[in-house]
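In the UniProt record's numbering, the protein residues as written are 1 to 191.
Spelled out as structure tokens, the structure:
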């Protein structure tokens, strides 16, 4: 069983096999990697998110990684299809969805009932709501390193690449702290 690892009696493919994707999957991943939002779109969506959070009385998730990924997804859609379509849903026809406007951020459920599927805008009663209605550009860069790298100006110099490796270490540390906080919170709720 060299290509499989036994875990709790179930056979799972080894990580080496998972890293060797099929031709269609590798092509799909390559195309996905080429779509990076422009710095301008990221900044526009970040400012929009902050303004809407203040206006609606909602807060960002306590895990800033969630906020960074959603803002990046909104910026990607703004660049590729011209509207900030909700990045947390699958669409058969994105252009048709943009035309309908139901899932354009802020989506109809958010505007009507303050229910954000992406966890970008959370009511104060939500267990995962943080205390902030702002996400600085530095925070966005810090947490975005774990989800696809930094915007294009940061990719240019060797020193900045080294700095991004240091930032990635902070992201890992933050993730482990967030997981511990959520774990202790769920244990406290069960008790």
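Glycine included, each C-beta is placed from N, C-alpha and C at the ideal position.
Relative to the C-alpha of residue i, which candidate in the options has its C-alpha closest?
i	options	result
residue 126	59, 106, 113 and 95	59
residue 129	74, 64 and 103	64
residue 76	115, 52 and 39	39
residue 133	68, 109, 51 and 78	51
residue 136	115, 45 and 79	45
residue 74	107, 131 and 56	107
residue 68	101, 55, 57 and 49	49
Could you round the C-beta distance between residue i and residue j to whole angstroms and report it? I think they count as a contact, below 8 Å.
i	j	result
residue 72	residue 42	7 Å
residue 122	residue 104	About 19 Å separates the two Cβ atoms, so there is no contact after all.
residue 81	residue 95	6 Å
residue 124	residue 115	Contact flag wrong, Cβ pair sits at about 14 Å.
Give every residue of the same chain whose Cβ lies closer than 6 Å to the Cβ of residue i, excluding the five residues on either side of it in the sequence, and list them in chain order.
i	result
residue 111	none
residue 88	117 and 118
residue 91	97
residue 79	37, 38 and 41
residue 55	none
residue 83	98 and 104
residue 57	none
residue 113	none
What are the residues that DSSP puts in a beta bridge with residue i?
i	result
residue 120	Looking at the DSSP assignment, residue 120 forms no beta bridge with any residue, so it has no partner.
residue 86	Partner(s): none; residue 86 has no beta bridge.
residue 107	DSSP output for residue 107 lists no bridge partner at all.
residue 61	129
CB-CB under 7 Å to residue i, same chain, minus the five flanking residues each way: which ones, in chain order?
i	result
residue 119	61, 66 and 128
residue 53	59, 60, 121 and 133
residue 131	59
Can you find the residues in the same chain that come closer than 8 Å, C-beta to C-beta, to residue i, ignoring five residues on each side of it along the sequence?
i	result
residue 102	108
residue 32	For residue 32, the predicted structure reports a pLDDT of 42, less than 50, and the residue's modelled location is therefore unreliable. The matter cannot be settled from this model.
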